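Colleague:
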Amino acid sequence: MNENYNISASPHIRDKATSSNLMLMVLIALLPATIFGIYNFRHENAWLLVVVTTAVAVLSEYIYQKLMHKPVTIKDFSAAVTGLLLALNLPPTLPLWMGALGSIFAVIVVKQLFGGLGQNFMNPALAARCFLLISFTGRMTYFVYDGVTGATPLANLKAGETVDTMTMLLGNIRGTIGETSVLAIMIGAMFLLLMGVIDLRIPGTYIVTFVVFITIFGGHGFDAQYITAHLCGGGLMLGAWFMATDYVTSPITFRGQIVYGVCLGLLTGLFRLFGGSAEGVSYAIIISNLLVPLIEKVTLPKPFGKGGEK
Amino acid sequence: MGFLTFKGGIHPNDGKSLSKDQAITELLPKSDLLYPLSQHIGAPANPVVQKGDHVLKGQKIAEAGGFVSAPVYSSVSGTVKGVETRLNPTGSKVACIVIENDGNYEETEYEPIKSLEELTREDILNRIAEAGIVGMGGAGFPTRVKLSPKEPEKIDYIIANCAECEPYITADYRRMLEYTEELVSGMRVILSLFEHAKGVFAIEDNKKECIEKLKDSIKDELRMEVQVLQTKYPQGAERQLIYASTKRAIHSGMLPADAGCIVDNVETLVGIHYAVMEGRPLMERVVTVSGDAIQHPGNFKVLLGTNQQELVEAAGGFKTEPQKVISGGPMMGFAMMTLDTPVTKTSSSLLAFSEDAVAKEKPAPCINCGRCVEVCPCRLIPARLADYGERHDQETFAAQNGLECVECGSCSYVCPAKRPLKQSIGAMRKIALANRKKN
């Protein structure tokens, strides 16, 4: 009798969830915002920028890994998520080559050079967006809707003008491709919440903290119209639900996630109210990304039986 | 609905329907019997028989090698063939006494008692120690030692671990249904040792029939109660069970007795009943044989020392060629490379699976999703601890409470990157504990 059955350490069973199907669920959740964006900016041919940015992200990962003789991991969908998220964060009129450059920067510089999946310390899509914003400020802040150039509602709000919160909720406004429709973003976010891919800890504390901050410092007190405009304007919703919740660049501890959410809310409020530009979500997120190791260190949970949660 | 529980844990497919309705059948061994000298935590037992000796069923063949140790008894009558080094179910090679079964099952004389009053406290403890009773849920800790806390008057609860939270295993379930009286009697014996203690049968809410049956048979017992727990893995882990049942939390440096608790599993309590009331040593246990590769999954009362190959034959053989066979549950059991191992005091089941879920998936980098943190019943950060383990960073591992891990495997189970988290943590823990002992 020498059957040579498989040997491995316990446990001998595994849950069905895999990294790639989690990423795939994020891609699916981004579809409503993507489809709406492509439709909303149909005159600007936004679809082309979305396709190019996403494809270049996947391709960069493939070529880099081939050149470095590493196993190719494009099947885990993480490069596709990065590319699509970047596209949704770009103005629809951006030249295609700039989108492609952003993708290359995101995947190669921010992700692969630091060790690939799971090793990057900043959200690749947002780091690339900030890179493009600094390099091509003009093109990155050039917003068009329905052929008409102008300021985004958030910029109008900052200038003290009134804005229509209903159109901001639906998304028929100027902005980046994926950020305009809060409705479409929320459909995707609900999907992720229901599937257990994300939970409320980070987006919840982020949004609550931000609301508290602008209530105190916004100069409008608790003005529902003003607060709604801030929540629906710019990249707050896209950032809170899809980028602040990025597993790799957010804390793993529960209390850490709460602290992280508070940091995001404070920084976003600070940048939006007191910063030079109307928007502040991207910078708030990548700066908070840098605080993650520190946050984790001070929020290490107490173990069971030593005063920890039971 | 049971609401008593702990935080964390998982809900794997429990696979219990394969065998839960199969009544316990007795299985008599055909080939030689193997008795490992180390079927428990502590010093190995010392053989007291020699090659060529004739032994009876119930005769002691090895005596305890110290206070934390346990004797071993022959479960058949026959001839001692010698002491050989053989594989045990956990994968290590250990010294085993080999006995050739003569098929007559001639038994020694036992000394049954009619009532517990005939015995003093010391008598009871001695009977338990002499019978070779150890924790039969899997740990194999000598029960006599467990029942001798420093301050016996401070024990408030005797918890019968009826959770059986491991998937597929139904041995305790069947024991509870078919040997309810023996189980309750075992509890009565322990309660007689601790006058202030209350006996609690802690059962998961998926075992409705057992809950009814137990409630019915203890309705006249003033010191016993049935507690219904939420069905969740690892509800039967000692620390989690104590918390679910009493809301007292202990850490790795404490004993259950420090929280006024003693936990014994179903099979152990039944063993205690036989040992004390009938004077019979530990010679048998119930084993579940199940898994998708088994023709007729079922529950068997098996004599200790029986070759595991015979369990598969008793269950109708293999339906399909298995890729993996496991001694114990799928969460904490041991994968065996061969079936040529004996049933020991701690073998609760033999599982055979046509597909190996572990070999199917390749480990990938951690994506920091936090699922392991969510499920960890010890409130640790398994992903980080596994990193420290892989890097042999013992200091950080210990500083971040790696030694608190109970190795339940929930983290490895949920990890979407399929990292063998428990394996890395477990390996580091072993090294850290060994080093701690040295210093």
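Respectively, the protein sequence lines represent chains A and B.
Quick note on numbering: my numbering labels position 237 of the first sequence as 237, and the sequence is numbered without any gaps.
Position in the second sequence (from 1) plus 1000 gives the number in my numbering.
Where is the CB? At the ideal position from N, CA and C, for every residue including glycine.
All values reported here derive from a predicted model rather than from experimental measurement.
Quick one: what does DSSP say H220 of chain A is sitting in, helix, strand or coil?
Modeller: Working through the first sequence from its first residue, we reach residue 220 of chain A at position 220. If DSSP states are grouped into helix, strand and coil, H220 of chain A belongs with coil.
Colleague: With a threshold of 16 other CB atoms inside 10 Å of the CB of M1001 of chain B, please say whether the residue is buried or exposed.
Modeller: Residue numbering aside, residue 1001 of chain B sits at position 1 when the second sequence is read from its first letter. Bear in mind that the predicted position of M1001 of chain B carries a pLDDT of just 43, short of 50, making it too unreliable to give a figure here.
Colleague: CA-CA distance, M1 of chain A and V1312 of chain B?
Modeller: For the purposes of this step, residue 1 of chain A is identified with residue 1 of the first sequence, where counting begins at 1. For the purposes of this step, residue 1312 of chain B is identified with residue 312 of the second sequence, where counting begins at 1. Per-residue confidence for M1 of chain A stands at a pLDDT of 49, beneath the threshold of 50, marking its modelled position as unreliable; the derived number appears in the next sentence. Their Cα atoms are separated by approximately 13 Å.
Colleague: Give a yes or no on whether the minimum CB-CB distance between I1128 of chain B and chain A is below 9 Å.
Modeller: As a working note, residue 1128 of chain B is residue 128 in the second sequence. Chain A contact via Cβ: absent.
Colleague: Name the chain B residues whose beta carbon is nearer than 7 Å to that of K306 of chain A?
Modeller: The count along the first sequence starts at 1 and reaches residue 306 of chain A at position 306. Neighbours of K306 of chain A on chain B, chain order: H1251.
Colleague: P1167 of chain B touches chain A at which residues, Cβ-Cβ below 8 Å?
Modeller: Walking along the second sequence from the start, residue 1167 of chain B turns up at place 167. The contacting residues are I13.
Colleague: For T54 of chain A, which option in A:L31, A:F41 and A:M68 has the closest C-alpha, if you only look at C-alpha atoms?
Modeller: Indexing the first sequence from 1 puts residue 54 of chain A at position 54. Checked all of A:L31, A:F41 and A:M68; the closest Cα to T54 of chain A is A:L31.
Colleague: Tell me the DSSP secondary structure of V1048 of chain B in three-state form.
Modeller: For the purposes of this step, residue 1048 of chain B is identified with residue 48 of the second sequence, where counting begins at 1. Correct three-state label for V1048 of chain B: coil.
Colleague: With 9 Å as the threshold, decide whether the Cβ of T73 of chain A is near any Cβ in chain C.
Modeller: The chain inventory of the structure shown lacks chain C, comprising the protein chains A and B.
Colleague: Give me the Cα-Cα distance between I177 of chain A and A128 of chain A, rounded to the nearest whole angstrom.
Modeller: Mapped onto the first sequence, residue 177 of chain A falls at position 177. Mapped onto the first sequence, residue 128 of chain A falls at position 128. So the two alpha carbons sit approximately 15 Å from each other.
Colleague: For P1142 of chain B, which of helix, strand or coil comes out of DSSP?
Modeller: For the purposes of this step, residue 1142 of chain B is identified with residue 142 of the second sequence, where counting begins at 1. P1142 of chain B: strand per DSSP, three-state reduction.
Colleague: So does the region 1129 to 1142 of chain B actually touch the region 1271 to 1278 of chain B, counting three or more Cβ pairs closer than 8 Å?
Modeller: In short, these stretches touch, since the Cβ pair count reaches three.
Colleague: Which word fits R14 of chain A, buried or exposed, when buried means at least 16 other C-beta atoms lie within 10 angstroms of its C-beta?
Modeller: Start at 1 with the first residue of the first sequence, and residue 14 of chain A comes out as number 14. So R14 of chain A counts as buried.
Colleague: Could you tell me the distance, in whole angstroms, from the CA atom of L266 of chain A to the CA atom of V72 of chain A?
Modeller: Here residue 266 of chain A refers to the residue found at position 266 of the first sequence. Here residue 72 of chain A refers to the residue found at position 72 of the first sequence. Their backbone Cα atoms lie some 39 Å apart in a straight line.
Colleague: Are there 16 or more other CB atoms within 10 angstroms of the CB of G120 of chain A, so buried, or fewer, so exposed?
Modeller: As a working mapping, residue 120 of chain A is identified with position 120 in the first sequence. Sequence inspection shows Asn at residue 120 of chain A; the Gly mentioned does not correspond to that position. N120 of chain A comes out buried.
Colleague: My guess is that G1058 of chain B and T1108 of chain B are in contact by the Cβ rule of under 8 Å, so how many angstroms apart are they, rounded?
Modeller: In the second sequence, the residue the question calls residue 1058 of chain B occupies position 58. In the second sequence, the residue the question calls residue 1108 of chain B occupies position 108. Going by Cβ atoms, the distance from G1058 of chain B to T1108 of chain B rounds to 4 Å, so yes, they are a contact pair.
Colleague: Using the Cα positions of K1093 of chain B and C1378 of chain B, report the straight-line distance between them to the nearest angstrom.
Modeller: Counting from 1 along the second sequence, the entry for residue 1093 of chain B is found at position 93. Counting from 1 along the second sequence, the entry for residue 1378 of chain B is found at position 378. Roughly 32 Å separates the two Cα atoms.
Colleague: Would you mind giving the Cβ-Cβ distance between S1038 of chain B and M1283 of chain B, rounded to the nearest angstrom? I have them listed as a contact below 8 Å.
Modeller: Looking up residue 1038 of chain B in the second sequence gives position 38. Looking up residue 1283 of chain B in the second sequence gives position 283. No, S1038 of chain B and M1283 of chain B are not in contact; Cβ-Cβ is about 17 Å, not under 8 Å.
Colleague: Given a limit of 8 Å on CB to CB distance, which residues of the region 235 to 248 of chain A reach chain B?
Modeller: Listed by position, the residues of the region 235 to 248 of chain A near chain B (Cβ gap below 8 Å) are Y247 and V248.
Colleague: Roughly how many angstroms separate the alpha carbons of G256 of chain A and L291 of chain A, rounded to a whole number?
Modeller: Stepping through the first sequence from its first residue, residue 256 of chain A is reached at position 256. Stepping through the first sequence from its first residue, residue 291 of chain A is reached at position 291. Those two C-alpha atoms are separated by around 10 Å.
Colleague: Taking the beta carbon of I1097 of chain B as the centre, do at least 16 other beta carbons fall within 10 Å, making it buried, or is it exposed?
Modeller: Counting from 1 along the second sequence, the entry for residue 1097 of chain B is found at position 97. Buried, because 16 or more other Cβ atoms sit within 10 Å of the Cβ of I1097 of chain B.
Colleague: Using 8 Å as the Cβ pair cut-off and three pairs as the minimum, do the region 267 to 281 of chain A and the region 152 to 168 of chain A touch?
Modeller: Yes, they touch.
Colleague: At a CB distance below 7 Å, what residues from the region 1394 to 1415 of chain B approach chain A? Give them in sequence order.
Modeller: Of all residues in the region 1394 to 1415 of chain B, Q1400, N1401, E1404, G1409, S1412, Y1413 and V1414 have a Cβ within less than 7 Å of some Cβ in chain A.
Colleague: Contact defined as beta carbons within less than 8 Å: I believe S1424 of chain B pairs with G1389 of chain B. What is the distance between those atoms, to the nearest angstrom?
Modeller: If you number the second sequence from 1, residue 1424 of chain B lands on position 424. If you number the second sequence from 1, residue 1389 of chain B lands on position 389. Sure, about 4 Å apart at Cβ, within 8 Å.
Colleague: Using the Cβ count rule (16 or more neighbours within 10 Å means buried), how would you classify L1222 of chain B?
Modeller: If you number the second sequence from 1, residue 1222 of chain B lands on position 222. By the neighbour-count rule (16 or more Cβ atoms within 10 Å), L1222 of chain B is not buried but exposed.
Colleague: With burial defined as no fewer than 16 other Cβ atoms inside 10 Å of the residue's Cβ, what is the status of L1433 of chain B: buried or exposed?
Modeller: Locating residue 1433 of chain B in the second sequence gives position 433, counting from the first residue. With fewer than 16 other Cβ atoms within 10 Å, it is exposed.
Colleague: Residues in the region 1332 to 1345 of chain B with C-beta within 8 Å of chain A's C-beta atoms, listed in sequence order?
Modeller: Flagged, chain order: M1332, G1333, F1334, A1335, M1336, M1337, T1338, L1339 and D1340.
Colleague: Taking 8 Å as the threshold, find out whether the region 1289 to 1296 of chain B comes into contact with the region 1258 to 1272 of chain B through three or more Cβ pairs.
Modeller: Verdict: no, contact absent.
Colleague: Quick one: what's H1054 of chain B bridged to in DSSP?
Modeller: Residue mapping note: residue 1054 of chain B aligns to position 54 of the second sequence, counting from 1. The partner list for H1054 of chain B (beta bridge, DSSP) reads B:T1079.
Colleague: Taking the alpha helix (DSSP H) that Q257 of chain A falls in, what are its first and last residues?
Modeller: For the purposes of this step, residue 257 of chain A is taken as residue 257 along the first sequence, with counting starting at 1. Unbroken alpha helix (DSSP H) run through Q257 of chain A: F254 to F274.
Colleague: Starting from the beta carbon of V1373 of chain B, find every residue of chain A whose beta carbon is closer than 9 Å, and list them in chain order.
Modeller: Your numbering for residue 1373 of chain B matches position 373 in the second sequence. Within 9 Å Cβ-Cβ: I252, T253, F254 and P301.
Colleague: Is it buried or exposed for E61 of chain A, if we count other Cβ within 10 angstroms and need 16 for buried?
Modeller: In the first sequence, residue 61 of chain A corresponds to position 61, counting from 1. By the neighbour-count rule (16 or more Cβ atoms within 10 Å), E61 of chain A is buried.
Colleague: Rounded to whole angstroms, what is the Cα-Cα separation between I202 of chain A and N1435 of chain B?
Modeller: In the first sequence, counting from the first residue as 1, residue 202 of chain A sits at position 202. In the second sequence, counting from the first residue as 1, residue 1435 of chain B sits at position 435. Each residue's Cα considered, the two are about 40 Å apart.
Colleague: Under 8 Å Cβ to Cβ from M122 of chain A, same chain only, skipping five residues before and after it: list those, please.
Modeller: By one-based count along the first sequence, residue 122 of chain A stands at place 122. Counting only Cβ-Cβ distances below 8 Å, and skipping sequence neighbours, we find V110, T249, I286, N289 and L290.
Colleague: Any idea which residues DSSP pairs A1095 of chain B with across the strands?
Modeller: Position 95 of the second sequence holds residue 1095 of chain B. In the DSSP output, where bridge partners are listed per residue, A1095 of chain B has B:T1085.
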